[in-house]
Amino acid sequence: MAVPFYGSVNTFGTLTEGWGNAGNWIAGGLLSIRRFSLSIPSFYELLPRYSNCCILGRPFEKNRTPYDPIDVVKWNYLNWVPGSITTEQSRKGLANALSAAKKIRDLTLKPYPNSVIVSYLVGSSIETRAQYYAVRGASTVTEYRFRSGDGTVIEGSASAGDTTRAFVSMAQHMKIFDDNAARETLRRLLNDVESPFPKYFGPKEYNVVTNSGKTVTVKSVAFAPHPNVVVAGQQTSLELRVIGDAESEMNDLRLRASVTDDIGAESVLVYSSTLDFSLPKALVGIYKVIIKAPDRVGTLTVTFDIHGLPTLDEQLIVLPHR
2 MAVPFYGSVN TFGTLTEGWG NAGNWIAGGL LSIRRFSLSI PSFYELLPRY
52 SNCCILGRPF EKNRTPYDPI DVVKWNYLNW VPGSITTEQS RKGLANALSA
102 AKKIRDLTLK PYPNSVIVSY LVGSSIETRA QYYAVRGAST VTEYRFRSGD
152 GTVIEGSASA GDTTRAFVSM AQHMKIFDDN AARETLRRLL NDVESPFPKY
202 FGPKEYNVVT NSGKTVTVKS VAFAPHPNVV VAGQQTSLEL RVIGDAESEM
252 NDLRLRASVT DDIGAESVLV YSSTLDFSLP KALVGIYKVI IKAPDRVGTL
302 TVTFDIHGLP TLDEQLIVLP HR
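Residue numbers (our numbering): 2 to 323.
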């Protein structure tokens, strides 16, 4: 379920954005977060390992070319920590971490025994980082491209490249184990191996209802980039983008937004909604909420309930004043 067999481009999100403005400031800056992330061996094991995941060059450049970030030479094409001193110990540590990542890649490419019946449960319809472009010698990514996934892992990686065996959930990566559709799929798989259901099971599009009673089709959803860390007492905003068919009332969906603190106290949030016409043959409903962090440290869970869709939520970490 939602396993990143071929890794995830989202892994680079921590290097390019850190933990948000407040979190980066409290942690001592983005470079401190990069040093910390790059010191963890498991970070490298989650690097993307599929073709065309990582492109050297800008999108409009004719000589742009794919490259493999888990190759020790090519990893150094980007300078993630400018001014850092490389030692023999650090070079050895990097080589060992990337070697382990290659072993995982080789393992995921091996076929299953014929006696094993394989099914994958993948998140779908949430905009997910799938590809990035970077300039050689730069210290960050130039641009990300998105595909359908669970917000962390794209469909192709979560299905080990075989979507014909993939059952679909619209749950986010961290919530797929708590998704009713996922539980029902597992029940059918485990109780009835010779199920009459098609191998590719689950809606790729969802029908939802507007406040005026109309039924519209949702193709995908995405949270706009935002800081996941806020300072106590600070105000922040969160934006949900819902993509649907052209001429649909995507800014009028039946939606309930709320925020819950770590002791279970819930407050309903007032939201604003607008329409974005920038996509061809699609409309984007933008739902924005403003959250004021409490004066004490802890966590906040912001929840969007849209009738007809799985519940979507994001967690914010509240840190004390520095």
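Every residue gets a Cβ at the ideal spot worked out from N, C-alpha and C, and that includes glycine.
Bridge-paired residues (DSSP) for residue i
i	result
Ser149	Glu128
Ser274	Tyr288
Gln316	Thr302
Arg244	Arg is not the amino acid found at residue 244; the sequence shown has Ile there. Looking at the DSSP assignment, Ile244 forms a beta bridge with Ser221 and Val285.
Glu267	Thr261
Phe37	Answer is none; Phe37 lacks a bridge partner.
Ser238	Ile291
Chain-order list of residues whose beta-carbon lies under 7 Å from that of residue i (same chain, five-residue window excluded)
i	result
Asn53	Pro67 and Gln132
Gly234	Ala294 and Asp296
Asp263	Gly299 and Thr300
Glu315	Phe224, Leu239 and Val303
Ser268	Ser259 and Val260
Phe147	Glu128, Thr129, Arg130 and Ala131
Exposure label - residue i; buried when at least 16 CB within 10 Å
i	result
Pro83	exposed
Leu276	exposed
Arg35	buried
Asp179	exposed
Thr186	buried
His308	exposed
Phe278	exposed
Val271	exposed
Arg257	exposed
Val209	buried
Leu79	buried
Leu280	exposed
Phe168	buried
Arg106	buried
Leu317	buried
Residue i versus the options, residue with shortest Cα-Cα distance
i	options	result
Ser149	Thr129, Ala135, Arg166 and Ala139	Thr129
Ser331	Ala283, Val290 and Leu280	No answer is possible for residue 331: it lies beyond the span of the chain, which begins at 2 and ends at 323.
Pro42	Ser100, Phe178 and Thr15	Ser100
Ile337	Leu190, Asp246 and Tyr272	Since the first residue of the chain shown is 2 and the last is 323, residue 337 is not available in this structure.
Tyr45	Gly30, Pro70 and Arg59	Pro70
Val285	Ala225, Leu317, His308 and Tyr78	Ala225
Ser221	Glu206, Val231 and Thr88	Glu206
Tyr145	Tyr134, Asp151, Ala139 and Gly138	Tyr134
Leu31	Leu48, Phe13 and Leu47	Phe13
Val231	Asn25, Thr17 and Glu18	Asn25
Tyr121	Asp246, Leu317 and Ala183	Ala183
Trp81	Asp151, Leu47, Ser140 and Lys282	Ser140
Leu39	Ser85, Glu62, Arg65 and Cys55	Ser85
Ser160	Lys103, Ala283, Leu110 and Ser33	Leu110
Val74	Arg188, Phe61, Ala28 and Lys93	Lys93
Val219	Glu89, Leu310 and Gly29	Leu310
Leu241	Lys63, Ser274 and Ala98	Ser274
Cβ neighbours of residue i in the same chain (closer than 8 Å, five flanking residues each side left out)
i	result
Ser213	Glu250 and Asp253
Val154	Ala3, Val4, Pro5, Ser9, Asn11, Val123, Gly124, Thr129 and His174
Val136	Leu57, Gly58, Arg59 and Thr143
Beta-carbon contacts of residue i that lie in its chain and below 6 Å, excluding the five residues immediately before and after
i	result
Tyr7	Arg50, Tyr51 and Ser158
Tyr366	With the chain covering only 2 through 323, there is no way to say anything about residue 366.
Asp306	Arg257 and Thr312
Ile292	Thr237 and Val260
Contact test: residue i Cβ vs the ligand SAM heavy atom, cutoff 7 Å
i	result
Leu79	In terms of ligand content, the structure shown is empty, and the ligand SAM therefore cannot be addressed.
Enumerate, from N- to C-terminal direction, the unbroken alpha helix (DSSP H) stretches of 4 or more residues contained entirely within the region 50 to 94.
-> 73 to 76
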